[in-house]
Amino acid sequence: MALREPPLAEVHDARGATTTEFGGWDMPVEFDSIRTEHESVRESAGKFDVSHMGEITVSGPDAAELLGRLTTNDVSALAHGKAQYAMITDTEGTILDDTVIYRLPETHDANFLFIPNAGHDEEMEDRWTAHRDEWGLDATVENRTDAYAMFAVQGPDAVDLVASAADDADEPLADLGRFSATDATVADSDCLAARTGYTGEDGLELIVPWSEAEAVWEAFDCQPCGLGARDTLRIEAGFLLSGQDFDHDENPRNPFEADVGFAVDLDTEFVGRDALARVAESGPDERFVGFELETRGVPRHGYEITDSDGETIGTVTSGTMSPTLSTPIGMGYVPTEYAEPGSEIAVRVRGEPKEARTRALPFLER
Amino acid sequence: MSFEIPDELRFLESHEWVRKEDGTARVGISDFAQDELGDIVFVEFPDEGDEIAHDEEFGVVESIKAVSDLYSPVSGTVTATNDALLDAPELVNDDPYGEGWMLEVDLDDPDELDDLLDAETYRDQIE
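So the sequences go chain by chain: B and Y. Position in the first sequence (from 1) plus 129 gives the number in the numbering used here. Position in the second sequence (from 1) plus 208 gives the number in the numbering used here.
Have a look at this one:
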């Protein structure tokens, strides 16, 4: 099957980007160097084309109920222009995907927008419409992934950079609170601007009409960044990557194991709630932790985590040489007794055990 | 993009280079290889005195995005390793034929170099 391409594929190619397949999309992985891109975001600003992320709108009288019953957080708590992080779980409480849900400003026809991960948009559209029909709810679900591009502008200078390129924002972008969204005009295009991101830095994410993507992208004079830097940045920030740090088929996990229990509101009724209430009661057997290698080597996805006697106790789900900390860091699941920060573990790097110590996430406090 | 390929070097198809210097030889990876790998963060190589063999693995180079095995262009005994790379692996990116060298080897058979790719053939391979 042909890979899906972001609207700026040719622009990125002309800029010298190398690309990679990710979630069925052909996306830029590197423009200059991962280190250069990573440092730009930590020190000033960088822009990411994240048009591979899905966009699904939900409207109608029962929109909130449908979202509330299919996601783990409390959608009814959202005011217009506010966003929340939530998990999508099956009846067993196993994570299918994670998402950010926006309750759109009142100016919009649709009531809600949620952002599934790359390659999950069709699965989520099907899930939403099937449950809507089963429950007899009055809601319209539209998969608009091919109608909207999405850009992230991230870093300490990012908000000022976007604010200076935007006019007519309904709410001044610099005053926009975390997990809030507003309508803004950038390069004559109507965008939704949200104070959200995936790098651990301040910044904005912009949802932009597909046909106007290039003008908006060019409105920000900062380092273009690819998925390579996005990965090193999000690992330093301790954020989960769908399909890697959890995967419904390959690495099934519930939100309490994945350390995102804060996104689960057991006072709401949703698919998987009862199973998760049992996990909350007993506590998870394994926990998602960060760790730092104390000897030379780079932890990678799939490497075994062992105890200090060499017994396998878990698997690395994400790892890298941290460009900011200049130390090898990683994340993965270990039995709860090893989850306390400072616990001695080891990571088997090409057969060689490398001493490591668990530590609290995120690796980088901002 | 054009890559530096010094005429006096010999190459393996897997992008390692060797430079002969009176009976010993220096080994590293090519400008093309360092560019493909991107930011190099770790290099693992044998100890002085270890034997290495033509076309066999002698170590590993890791960048932020990839891990790659290193293959030896020659057979012989390692007489020196570039320990500067342990603290500054980025030297391989900055100067792959100079400060980014990896090993010095006492050659078992200097004629072995004749079987390697010359600069022109290697240039044809990567272009």
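Backbone N, C-alpha and C define an ideal beta-carbon position, used for all residues, glycine too.
In the three-state scheme derived from DSSP, where H, G and I count as helix and E and B as strand, residue 333 of chain Y is classed as helix. For residue 246 of chain Y, the neighbours in chain B by C-beta distance under 7 Å run, in chain order, 159, 162, 163. In terms of Cβ geometry, residue 353 of chain B and residue 144 of chain B form a close pair [threshold 8 Å]. The C-beta of residue 253 of chain B has 16 or more other C-beta atoms within 10 Å across all chains shown, which makes the residue buried. Rounded to the nearest angstrom, the gap between the Cα atoms of residue 486 of chain B and residue 463 of chain B is 12 Å.
Taking residue 482 of chain B as the centre and dropping the five residues before and after it, the same chain places the C-beta of 435, 439, 475, 476 closer than 8 Å to its C-beta, in chain order. Within 9 Å of the CB of residue 237 of chain Y, no CB atom of chain B is found; the nearest one sits about 17 Å away. For residue 266 of chain Y, the uninterrupted beta strand (DSSP E) segment begins and ends at 265-271.
Only residues of its own chain outside the window of five on either side were considered, and among them 224, 369, 382, 387 have a CB closer than 7 Å to the CB of residue 375 of chain B, listed in chain order. Residue 186 of chain B is positioned such that its CB atom lies closer than 8 Å to that of residue 273 of chain B. For residue 452 of chain B, the chain Y residues whose Cβ falls inside 9 Å of its Cβ are 247, 249, 272, in order along the chain. In this structure residue 454 of chain B is exposed. Its beta-carbon is surrounded by fewer than 16 other beta-carbon atoms within 10 angstroms.
When Cβ-Cβ separations below 8 Å define contact, residue 226 of chain Y makes no contact with chain B. Listed along the chain, the chain Y residues whose CB falls inside 8 Å of the CB of residue 361 of chain B are 272. Check the Cα spacing between residue 299 of chain Y and each of Y:247, Y:235, Y:323, Y:260: the tightest is with Y:247. By the Cβ rule, the segment 345-361 of chain B counts as touching the segment 153-170 of chain B, because three or more pairs are nearer than 8 Å. For residue 141 of chain B, the closest C-alpha among the options B:157, B:152, B:472, B:151 is that of B:157. For residue 357 of chain B, the nearest beta carbon of chain Y is closer than 8 Å to its own beta carbon.
In the three-state reduction of the DSSP assignment, residue 260 of chain Y falls in the strand class, which pools E and B.
Secondary structure note for residue 361 of chain B: its alpha helix (DSSP H) is the uninterrupted segment 356-365. The straight-line gap separating the alpha-carbon atoms of residue 182 of chain B and residue 221 of chain Y is approximately 39 Å.
Assigned with DSSP and collapsed to three states, residue 216 of chain Y falls in coil, not helix or strand. The residue among Y:284, Y:249, Y:229 with its C-alpha nearest the C-alpha of residue 268 of chain Y is Y:249.
Rounded to whole angstroms, the separation of the alpha carbons of residue 339 of chain B and residue 249 of chain B is 19 Å.
In chain order, 249, 250, 270, 275 make up the part of chain Y whose C-beta sits under 8 Å from the C-beta of residue 427 of chain B. For residue 236 of chain B, the nearest beta carbon of chain Y is not closer than 8 Å to its own beta carbon. Here residue 216 of chain B is buried: its Cβ has 16 or more other Cβ atoms, across all protein chains shown, within 10 Å. The residues 239, in chain order, have a CB closer than 6 Å to that of residue 212 of chain Y in the same chain once the five nearest residues on each side in sequence are set aside.
The beta-carbon separation of residue 174 of chain B and residue 290 of chain B, rounded to 5 Å, stays under the 8 Å limit for a contact. Close to chain Y, meaning a Cβ-Cβ distance shorter than 9 Å, are the following residues of the segment 432-451 of chain B: 449, 450.
Interface annotation, residue 477 of chain B: not in contact with chain Y, CB-CB separation never under 8 Å. Residue 156 of chain B has B:149 as its beta-bridge partners, per DSSP.
Taking the C-beta atoms as reference points, residue 287 of chain B is found no nearer than 8 Å to residue 321 of chain B.
Here residue 231 of chain Y is exposed. Its C-beta has fewer than 16 other C-beta atoms within 10 Å. Counting only runs of at least 3 residues, the segment 195-264 of chain B fully encloses the following beta strand (DSSP E) elements, listed from N- to C-terminal order: 211-218, 224-232, 241-244. Within 10 angstroms of the beta-carbon of residue 236 of chain B lie fewer than 16 other beta-carbons, which makes it exposed.
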